[in-house]
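Reading through the C-alpha cells given below for one structure.
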Amino acid sequence: MTTSQAELDHLSVQREVLRLSMRAPVSSLLGQGLISLLMAGYFGYPDHLVAAVFWLTMVFTGQAFRVLLPLQIPAAQSRAVQRTLMWHRVRVLFSAFAWGSAGVLLFDPANAPGQLALTVAMVSSCIAFSFSASSHGSTLKLALPLLLGPIVFSLMLSPQPYMWVLGLIGASFVLLMLRLVHDRSHQLEENITLRIAAQRARDEKQRFFAAASHDLRQPLQAMHLYHSVMARGDTRAEVVDRMGQCLEALDRLLDGILDISRLDAGQVQPHPAPTHVPELMLRVARLHDATARAKGLRLRIHAADRWVMTDPILAERILSNLLGNAIRYTESGGVLVAARASGTTLRLQVIDTGIGIAPDRVDTVFQEFTQLNNPSRDPARGTGLGLATVQRLSRLLEHPVEVKSVPGKGSCFEVRLPLVAAPDPPAVGMVQPSWIPHGNESLPAWQVLVVEDNEMVLNALVQLLQGWNIQVTTAKRVTQAIDLMNRQAFDAVLSDWRLTDGENGLDVLHQTLQHPSIRLAVLLTGEHMPDTPTAFPVLRKPVRPLRLRALLWQHLSAQVEAQPAETAQLP
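Each residue of the sequence shown is one higher than the one before, starting from 38 at the first, in the working numbering.
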C-alpha cells in the first residue's frame, strides 16, 4: 500500500508536534516532584496520609514512565509516528489522571480554607500542564477534563453554596482552556505545515538546479568537443549533425526549464475559449505521428465531436506532453488518444501499452527531472520536465489529471475538461501561404533592420539572414534604429525587447507604424513579457531559424502581401 504525499506531509507535521510535546527538561520533572510532595504534605497531614501516599504513588509512577521508558521519536514520514503518538498520549493522560485525582483524594469537605487552596493548586496545575504539553492539542482536550474534573465534581457535591459557585467557575475555566488549547494547537500545526512546505520547496529547488546543472552540462560538453573538432578543419556532415543534435537537446532543456519557472512564478495567464476537441487531438497527433511510426507503434485517435472550455494553446501543450511521454516509454503495441464525455465533463485520455509505472512511483513522475528507466539521463529519452509541466498547467487551467498504471502493461493519463456548447462558426479564417521555402533556399532580397544590443546574438542573426539572401542593416539603440528607418526603406524590422540602458524594443516597433513600406515588425525576447496586448508577433529566444523563416515569408511574400501585420499574432 503506497503513501500519498498528503499522508506523508501529515506524518511529518505529527512528528514535529510529537517532538515539541516530548521535550520536557529534567528541571520540569524535579519541579513537579517537589510540588507534589508539598501538596501531599499540606493536604494529607495528619488525617489523609493514606490517600496522600496513594496519590503520590500515582504521580511518581507517571514521572517514572517518562524517565525510565523514554519514547524515541521515529524517523520522518514513518508510520511509527502514529504508534509513538499513541503511547505518548497514554502517558500524558495517565499523568493528568494522577494529578487530577487529588481533587478527590485530598479534598476535605470540613476544611474550607483547604478546599480553596486545593482548587487554586489544581487550577495552577492545569495552566502549567497546558503550557508544558500544549503542543498536542487532541491529547490536551482529553487531559484537561481529567485534571480539573475531579475537583469540580468534589466542589459541586460540597454542602456549602459558595463551593457550588467555585465549581461552576472551575467548569467554565475548563471550557475556556479547551478553547485556548484548540486555537493554539491549530496555529502551531499551521506554522509547522508552512515550515515543512518551505523546507520542501528549498529542497526541491536545490534538486531542480542540481539536475538542471547536470543535464545542461552534458550537451555543452559535447558541443565544446565538436567545436574543437571543427576548429581543426573537420567539417564533415556527421560532425555538424551531431552538434545540431546537441543544440536541439540544449534547446529542449532550456525551454522546459523556462516553462517551469514561468509557471511557478505565475507569469502564464490562461485565455479560455471554446475549443473543438477533434481539432485539438488531430493537431497533436500530427506532431507525434512520425515518431510513433518510426518506433513501429500504432497511434489511434478516438475523438468525440465535442467542445470544451479551455486555453487551446495550453491544452495542446498538456496533450502533446502526455502523448510524447507515452510514445517515448512504449516499445511495442500502440497509443490511444481518446475523448469520452461524462456528464458535464470530457475525459481526455492517453492510453499506452508501455512499461507502466510502479505504484510507489506514480506521484514522483510529476516531479522535475524524474525519468523512469533512464538512469544514464540520455537526452534522447526526454528531459524529465514534460509531466512536471503537465501538472502545473493542469492546476493553472483547473483540469485535474489522474494516472492509472499497471507495471509491464501500460498507463492511462486522464485530463478532465469542462464541456460547453458549440459556438457559432467563425466568419473568415486567416489566409495561409500556399508554400514556404525551407532549408537553404534563397529568399527575395528583402531589406531587414535588426535591432539587437548583444554582439554575439547580432552577429549570428546577421549571418543567418544574409545566408538567406536578405539585405541586413543593424542598430543597437532605439534612436539609431529610428534614424535608419527615416533615411531608408525597410521591408521588416526585428528588434530585441530589452536594449541598452533600459531602452525598450517596443518603442522601435511602434515607430514602424509610421512607415508603410515596413510590412512586418517582430519582437525578439528571452524573457517573459507582461500579459499586455500587442500588435506585433513575438518570437522567444532561442529563436528557431525555420520559424523565423516561415514568419518572414508569410508576411513579406507576394501571396499575402496585402495582409496587415496586426492579424499575424504568434501564440
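Cβ coordinates follow ideal geometry from the N, Cα and C atoms, glycine included. Being a predicted model, the structure only gives us computed values, none of them experimental.
Opening and closing residue of the beta strand (DSSP E) in which residue i lies
i	result
D389	T382 to D389
R577	V575 to R577
V509	Q508 to A512
Euclidean distance between Cα positions of residue i and residue j
i	j	result
L143	H85	7 Å
L184	A235	37 Å
D326	G371	11 Å
L593	A572	17 Å
L521	S532	13 Å
E489	T562	10 Å
E53	I229	7 Å
S448	Q306	30 Å
T621	D544	Residue 621 falls outside the range modelled here, since the chain spans only 38 to 608, and no answer is possible.
L287	V515	32 Å
G333	R56	57 Å
T381	A425	27 Å
N541	R365	42 Å
R254	L550	43 Å
V160	V50	30 Å
R453	R299	23 Å
W136	L67	15 Å
D220	R232	18 Å
Burial state of residue i (16 or more Cβ within 10 Å)
i	result
H436	buried
T312	buried
V580	buried
L460	The question names Leu, but residue 460 in the sequence shown is Pro. It counts as exposed.
Q503	exposed
I164	exposed
L194	exposed
L212	exposed
I188	buried
H125	buried
G539	exposed
M200	buried
Close Cβ partners of residue i (< 6 Å) along its chain, the five nearest in sequence each way excluded
i	result
N506	S479, L480 and A482
H339	A375
A677	Residue 677 falls outside the range modelled here, since the chain spans only 38 to 608, and no answer is possible.
S222	G174
Own chain, CB closer than 7 Å to residue i, minus 5 neighbours either side, in chain order
i	result
S413	In this prediction, S413 has a pLDDT of 47, which is less than 50 and means its spatial position is unreliable; nothing more can be read from the coordinates.
M346	P309, P311, P455 and V457
L203	T156 and L192
L324	S357
Which residues DSSP lists as bridging residue i, in chain order
i	result
D533	L561
G371	R335
T347	A310
A378	L383
S442	S448
R126	Partner(s): none; R126 has no beta bridge.
L456	V345
L487	For clarity, residue 487 is Val in the given sequence; the question names Leu instead. Answer is T511 and L531.
Same chain only: Cβ atoms within 8 Å of residue i, ignoring 5 sequence neighbours per side
i	result
S167	L177, L181, M214, L217 and V218
K441	S448, C449 and E451
R337	G371, V372, L373 and V374
A329	R335, L336, I364, G371 and V372
Distance cut-off 7 Å: residue i Cβ against heavy atoms of the ligand MG
i	result
L194	The ligand MG is absent from the structure shown, which contains no ligand whatsoever.
Limits of the alpha helix (DSSP H) - the one that residue i falls within
i	result
L480	Per DSSP, L480 belongs to no alpha helix (DSSP H) and is neither H nor E.
A286	A274 to D301
Q197	Note, Q197: premise wrong, no alpha helix (DSSP H); not H, not E.
P582	P582 to L593
L543	G542 to T549
P516	First, the residue type needs correcting, since residue 516 is Thr and not Pro in the sequence shown. Its alpha helix (DSSP H) spans residues V515 to R524.
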